Structures are given as structure tokens and as C-alpha cells.
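Undergrad: Can you read through this structure? Questions will come right after.
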Amino acid sequence: MTEILLSATNLSVRFGGVLAVNNVSFDVRQGEVFTLIGPNGAGKTTVFNLISRIYNPTSGSISYLGQSLTAQPPHAIAALGIARTFQNIELFEHASVLQNLLIGRHTHRQTGLWQDLFFTAKARSAELQARHKAEEVIDFLGLQHHRDTFVAGLPYGVRKVVELARALCTSPKLLLLDEPSSGLNVEETDDMAYWIADIKNELGITVLMVEHDMTLVSKVSDRVLAMNQGQVLALGTPREVQTHPAVVEAYLGSVDDVSSLRRQAA
Amino acid sequence: MRFIFKTDYAQDIKLAKHGGHVFWYGGLVLLLLAAPWITTEYWLAQLTFILIYAVAGLGLMLLAGFTGLFSLGHAAFLGVGAYTQAVLTNAGLPFPLALLCAAGLSAAVGFVVGLPALRVKGIYLGMATLSFGFIVEEVLARWESVTGGNAGIHIKKPDLFGWTLGSGEEFYFLCLVVAVLSTLGILNLLRSPTGRAFVAIRDSEISAQSMGIHLARYKTLSFALSAALAGVAGALYGHKMQFISPDQFNILQSIDLLLMIVIGGVGSVHGAFLGAIFLITLPELITIVKDYLPDTVGQAPGLKAVVYGVVLVSFVLFEPMGLYGRWLKIRTYLQMFPFYRKGMFKRQKSFQKSDRLK
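As they're listed, the protein sequences go chains W and X.
Those letters in the first sequence? Residues 317 to 582, per our numbering, in order.
Those letters in the second sequence? Residues 583 to 940, per our numbering, in order.
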């Protein structure tokens, strides 16, 4: 039995009259790639925002390594080893790629304000250590060419990778990827699939992602959770979920819907 | 064109990235050290003011340029610093201790003013800091037992443990030392986690938070540091003027400070200095040019205000990156000659949410 890293129990969120997430429960196991799928507005990103504490759940709880996440303030999440990327890239645009990655090392800072102000020997060595870690990530994702480029000048595809790199720089145990392949072309999506597999196999980081591209999902996911309108439809291997009748209905409509559209036989 | 061959990560941490930096900044320091002997007393006084304003500008740059929080009441911190210095110096405290107290008290006030910044942004923060500026001005005018009210207050000469800095030259060197130390402090912050956290907050709060940056802590820290620098500048300003009154720290002074960093170039340390040079020398230039203009223009009241307005509008329209941005373009043009292209610095229009600096 593999260890359970994160478990959500009966999560619900209500925004005014909209029940965005409705009684959702799932477990993410140590070392797996767990994917949330579902049509637009299914509540996938909301689940992400619950885990990174941007929203408060209306009811239900999230526990991570045995402790309750809902008791933590939003900025404490990264220090617990949970890193995330955003659907609409949220990088620090007026800074270089390297600086972005170094910001990712923030939770591992060893110096305080005064040491920084005088740039003491400790600040210097901490800075070099952070740089070594950032360079490891740069090597891992092949970002060498873009190291000193400003993010504002980078194409979309590269920004996506930089955001992944910044999340990896925090040395997470759990990585939340919000639509890692959105806006990427076929080759870039293939690269992303390899990286996600490498993140799992080589770095041993558990991945929880939201994704629409079913090719990518079936390539890398160990388990898939399908949602629609805030509710869980199905949970299982990619194969099982894709053929699950409720999932097919959510994406394509039911047989009844389709047959009612057919012209009546003369 | 210069190519830097990097063989060591420590190279990226160095303040002087290559020989050119060492040469030019070394030359600048020598020039500043020699200034009392190569300029007139009048221009030395102007240079002293430039250094004082640059220190205040560094403070505001840290807040507005690097943390993305605007303050329309920064003159108030200048005032708090100046009055603290005045009261303590007159009570007989030596200069360094009084300066520390001035910085400390300003920082404490900055911390309190920073608290609303945790809730409000943009124009609302501008309004909050603006009204704070009015409150401080009013306090300085009404608290007559300490501040002397609208009649103002005289400040004794700075006293460095028995050595009284009486002459303009001595005070110039004092300002130079303070300005150099403040600049080094800011540069150190910017190459370390604290400064990067500020920049992260400026560019995207939500992702700064998800990287583990405590927004409230760093925003108030930025306010406190910025206010401390303004307080130090205020203390020096008080000594230089020898007489301070509440109307020296009013809204116009706050606007001057903001104007200074916008014209200098928001988001660059150079910008604080270039802005200070601009702010101090422009009135001098206007005075010089005035004599050559026809009387109807040259002697017209409000000429200075019009020139300021025109310059500011022109900068916002044609050079949003300020004097430092202009200098970068000229330098790149010279380095790449004849391959400079017109669009090289053109901002890419990006329709990302994080594009919030503008």
C-alpha cells in the first residue's frame, strides 16, 4: 500500500448561488501522477485553488501528510512542499528567467533582512547554493538559452516551461500543474509529457494536474478523476475513465440526446 | 559590443559585472571626492542637495519601483526624519545617534502607514498615503511645544562626537558617505532574497504568495525601509537647510519626489540619482535660460511649473522608462553601431494578468 500524500474529504465551495465544487473526495498517492479532467467550469481549477489556499472551502477538509491544510495561511503552502503553476501564466515579467527561478528558492532562504542588507558571507554562500539548485532545474528542463532573458520577451511556450521550472525550484513534494499543455503546440506538448514523466520517475515528485489534452493525460497519468459541474463523475485509470458512461455523457451528451436530434425515419 | 565570459556563479552576484563598471564608477567616485576642489561653493551645495534627494529617491524607488506600491505622501517621512533630527540634535545628541533615531522613527511610522497597503491598491493606496501626508503636515504645524509650529525650528550643526561639521565641504562628504552606503544597501537587497521578494510582489502577488512569500510582511517591510531612507534624507535635508518648517514637507514636496523617480526611471537604482540631478538642476537651468528669453516669457510667473509639467508629460508619453531608459537606448546604440534597430526596446504588448507595473 503506497502512502497517501494528499487527501481531500467532502470538499464543497459555494460562490453565491453557484456550487463550484460539490462534495468532492479523492486521495493522491505518493509518487503518482493524478489528473483532474472535466469540461469547462467543472471546478478543476477551483480544487487547485483550494489546495493552494487561495479559496476557503465552504465545507470539507484537505489533509496533507497527515496535517490539515485548511488551517494554513496561503503563503505557508510552499514551505510545506506544495508548488503550483497557473493556467494563465503568472510569472514575474520584469525579471530575468534566472531571477524567477531564484524567487522559487524563497522558502529555502537562510538569511534575514540585515544579512541581506550587508550581504554577509552567509548571504553570499546561500545565494550560491540557490544558484546551484536553479542551475540543476535549468539543466533538467533545457532552459540554458533563456537564462538571462527577461520573461516579458519570451514566447508563450517557453514561459510555460519557465513556470514549471520555477515551481520545481521550490523542491516540492507535490507539484500542482494547472493545464500544463494549454497553448502549446504538438511538439511542446510531447516535451511536457516527457518532463512530467521525468519529474515523477527521476525526481520522485508527486504530480496533481488539470489537463484537457487526453493524449497527454493517457500518456502520463496513473489515475484520473473526472469531474462535471463540481461533482465527481469517475475515478480510475485513464482507460477506465475514458470509457465510463458518465464521462462520455458529460463530454458528448447521452444517447437519448443524440437520437432526439436524428431525423425521424420516413 | 562587450561579451562577458562567465565561468563562475559568483560572477552574477558581483556588483561590478565587468571592468567597465569598475572603471566608470571608480571614476565617478573620484570625481565626487574631488568635487569640493573643482566646483564653486554654490554648485557644491546643489550637489549636496542632489545626494540628499537621491537618498529619498532610493527609498521611494524601493517602494514604488521595486515593490509596486505608490506613495503620494512621501514628504511626510522626510518631515518626520527632519523634525526628529532637529529635536534630538538640539537636545545635544550626536549626529549618528540622532540619524539612527530619525531613521527608526520614520520606519516605525512607515510600518503603520504600510498597514492599509495590505488591503488597498493603486489609486486607493495613493489616497491613503496622500491623506497621511496631510495629517503629518498638520501635526508638525500644531504640535508647537516640540516642532515650533508654523514658525519652524532651527537645527544646530551636525556633531560627530565632538567634531562639529560646520563647513559646506564637510557636510557634503557626510552626505556622500550616507548616499553611497544607502545605494550599496539597496543593491545588496536587490541581489538577495528580500529584494527578489519585493520584485515578485510587484509583478504578481498571487504567484509571489504561492512561492511562499508572506505578502503582508514584505509589503510593510518595504514601506518601513522606504520610510527609513526618506527619514535619513529628511535629517540631512534639515541640517542642510538649517531651518525647517511644516510647509517644506507638504504635498508639493511629495509630488516632487514622485516626479523625480518617474523622470529618473521607475524600477532602476540609477533612476533615483538621475531623477535627483534633474530635480535640482532644472530650476538652475531655467534661471540661466530665463535671461536669454524675451521678457514676456522669461519674467512670466509660473514659468517653472509650466516647464515641469511639459517635461513630465513628455516623459510619460515618449520615454516611460525615464532618463535611465533613455541612457540604456543611447548606450545600446553606441555598442551595437551600426546595427541598432528602432524597435529594440519596444515593449511587447502582452495580455497577461501579471502586466501590472504600468
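Just so it is clear, CB atoms sit at the ideal spot from N, CA and C, and this is done for glycine as well.
Please read these numbers as outputs of a predicted model, since none were measured by experiment.
Use the C-beta contact count for X/T711: other C-beta atoms within 10 angstroms, 16 or more gives buried, fewer gives exposed.
TA: When all chains shown are included, X/T711 counts as buried.
Undergrad: Restricting to Cα atoms, I'd like to know which of X/T878, X/G744, X/T630 and X/I833 is closest to X/E751.
TA: Ranking X/T878, X/G744, X/T630 and X/I833 by Cα distance to X/E751 puts X/T630 first.
Undergrad: Using a Cβ-Cβ cut-off of less than 9 Å, list which residues of the segment 790-813 of chain X approach chain W; keep chain order.
TA: Going along the segment 790-813 of chain X in chain order, one finds A790, Q791, S792, M793, G794, I795, H796, L797, A798, R799, L803 and L807 with a Cβ nearer than 9 Å to chain W.
Undergrad: Does DSSP classify X/I826 as helix, strand or coil?
TA: Looking at X/I826 - three-state DSSP - the assignment turns out to be strand.
Undergrad: Against chain W, does X/V781 count as a neighbour if the rule is that its beta carbon must be under 8 Å from one of theirs?
TA: Yes, because at least one Cβ of chain W sits closer than 8 Å to the Cβ of X/V781.
Undergrad: Which same chain residues end up closer than 7 Å to W/P355 when comparing Cβ atoms and leaving out the 5 residues on each side of it in sequence?
TA: Cβ neighbours of W/P355 beyond the five flanking positions: N544, A566 and Y567.
Undergrad: Would the beta-carbon of X/F860 fall within 8 Å of that of X/I845?
TA: A contact, by the Cβ cut-off of 8 Å.
Undergrad: Leaving out five residues before and five after W/A513 in sequence, what residues of the same chain have Cβ atoms less than 7 Å from its Cβ?
TA: Counting only Cβ-Cβ distances below 7 Å, and skipping sequence neighbours, we find V536.
Undergrad: At least one CB of chain X closer than 8 Å to the CB of W/P433: is that the case?
TA: Going by the sequence as given, residue 433 of chain W is Leu instead of Pro. Yes - at least one Cβ of chain X is within 8 Å of the one on W/L433.
Undergrad: From the DSSP output, in three-state form, read off X/H736 for me.
TA: In the structure shown, X/H736 sits in a strand (DSSP, three-state: E or B).
Undergrad: Applying the 10 Å Cβ sphere with the 16-neighbour rule, what's the burial state of X/P775?
TA: So X/P775 counts as buried.
Undergrad: Of the residues X/T729, X/G744 and X/L899, which one's Cα is nearest the Cα of X/F825?
TA: Looking at the Cα atoms, X/T729 is the closest of the given residues.
Undergrad: Since W/Q545 is in the beta strand (DSSP E), which residue starts that stretch and which ends it?
TA: Segment: none, W/Q545 is in no beta strand (DSSP E) and carries neither H nor E.
Undergrad: Looking at C-alpha atoms only, which residue of W/Q547, W/E451 and W/L490 is the closest neighbour of X/D590?
TA: For X/D590, the nearest C-alpha among the options comes from W/E451.
Undergrad: By Cβ distance below 7 Å, which residues in the same chain neighbour X/R784 in space, the five residues on each side in sequence not counted?
TA: Taken in chain order, the residues that qualify are F648, T649, G650 and L939.
Undergrad: With 16 other CB atoms within 10 Å as the buried threshold, where does X/H603 fall?
TA: So X/H603 ends up on the exposed side.
Undergrad: Using 10 angstroms around the beta-carbon of X/A808, count the other beta-carbons present and answer buried if the total reaches 16, otherwise exposed.
TA: The question names Ala, but residue 808 of chain X in the sequence shown is Ser. By the 10 Å Cβ count, X/S808 comes out buried.
Undergrad: How far does the alpha helix (DSSP H) with X/A617 in it extend, from its first residue to its last?
TA: Where X/A617 is concerned, the enclosing alpha helix (DSSP H) stretches over G601 to I620.
Undergrad: Give the DSSP-derived three-state secondary structure of X/S836 in the structure shown.
TA: Three-state result, X/S836: helix.
Undergrad: Below 8 Å on C-beta distance, what does X/Y922 contact in chain W?
TA: Within 8 Å Cβ-Cβ: nothing; X/Y922 doesn't reach chain W, min ~17 Å.
Undergrad: Does the CB of W/T465 have a neighbour CB from chain X at under 8 Å?
TA: No, W/T465 does not count as interfacial toward chain X.
Undergrad: Once the 5 residues before and after X/G655 are set aside, which same chain residues still bring their CB inside 7 Å of it?
TA: Around X/G655: T711, L712, F714, G715 and S836.
Undergrad: Looking at W/I292: is its Cβ nearer than 8 Å to the Cβ of W/E527?
TA: Residue 292 of chain W lies beyond the range of chain W shown here (317 to 582); nothing can be said about it.
Undergrad: Below 8 Å between beta carbons: does that hold for X/F755 and X/P740?
TA: No, these two residues do not count as a Cβ contact at 8 Å.
Undergrad: Who are the near neighbours of X/Q628 in its chain, counting only those whose CB is closer than 8 Å to its CB and skipping five residues on each side?
TA: Excluding sequence neighbours, X/Q628 sits near I862, T863 and E866.
Undergrad: Quick one: using the 10 Å Cβ neighbour count with 16 as the cut-off for buried, is X/K935 buried or exposed?
TA: Note on X/K935: pLDDT 44, under 50, position unreliable in the model; no value is reported.
Undergrad: Give me whichever residues DSSP pairs with X/D741 in a beta bridge.
TA: Looking at the DSSP assignment, X/D741 forms a beta bridge with X/T746.
Undergrad: Measure from the alpha carbon of W/L493 to the alpha carbon of each residue in W/R482, W/D464, W/N501 and W/E503, then state which is nearest.
TA: Taking only the C-alpha atoms, the option nearest W/L493 is W/R482.
Undergrad: Please report whether the beta-carbon of X/G767 lies at a distance below 8 Å from any beta-carbon of chain W.
TA: Interface residue, yes.
Undergrad: Of all Cβ atoms in chain X, is any one closer than 8 Å to the Cβ of W/A387?
TA: No, W/A387 does not count as interfacial toward chain X.
Undergrad: According to DSSP, is W/I405 part of a helix, a strand, or is it coil?
TA: Of the three classes helix, strand and coil, the one that applies to W/I405 here is coil, per DSSP.
Undergrad: Quick one: what's got a C-beta closer than 6 Å to W/W430's C-beta in the same chain, skipping five residues either side?
TA: Closer than 6 Å at Cβ, skipping near neighbours: no residue.
Undergrad: In whole angstroms, give me the CA-to-CA distance for X/L834 and W/S377.
TA: The straight-line gap from Cα to Cα measures roughly 53 Å.
Undergrad: Mind listing, in chain order, the continuous alpha helix (DSSP H) runs of no fewer than 4 residues lying wholly within the segment 766-808 of chain X?
TA: Fully enclosed alpha helix (DSSP H) runs of 4 or longer: 775-785 and 787-792.
Undergrad: For the beta strand (DSSP E) containing W/N583, list its first residue and its last residue.
TA: Here chain W covers residues 317 to 582 and nothing more, so residue 583 of chain W does not appear.
Undergrad: Report the neighbours of W/S368 on chain X: residues whose CB is nearer than 7 Å to its CB, in chain order.
TA: In chain order: S792.
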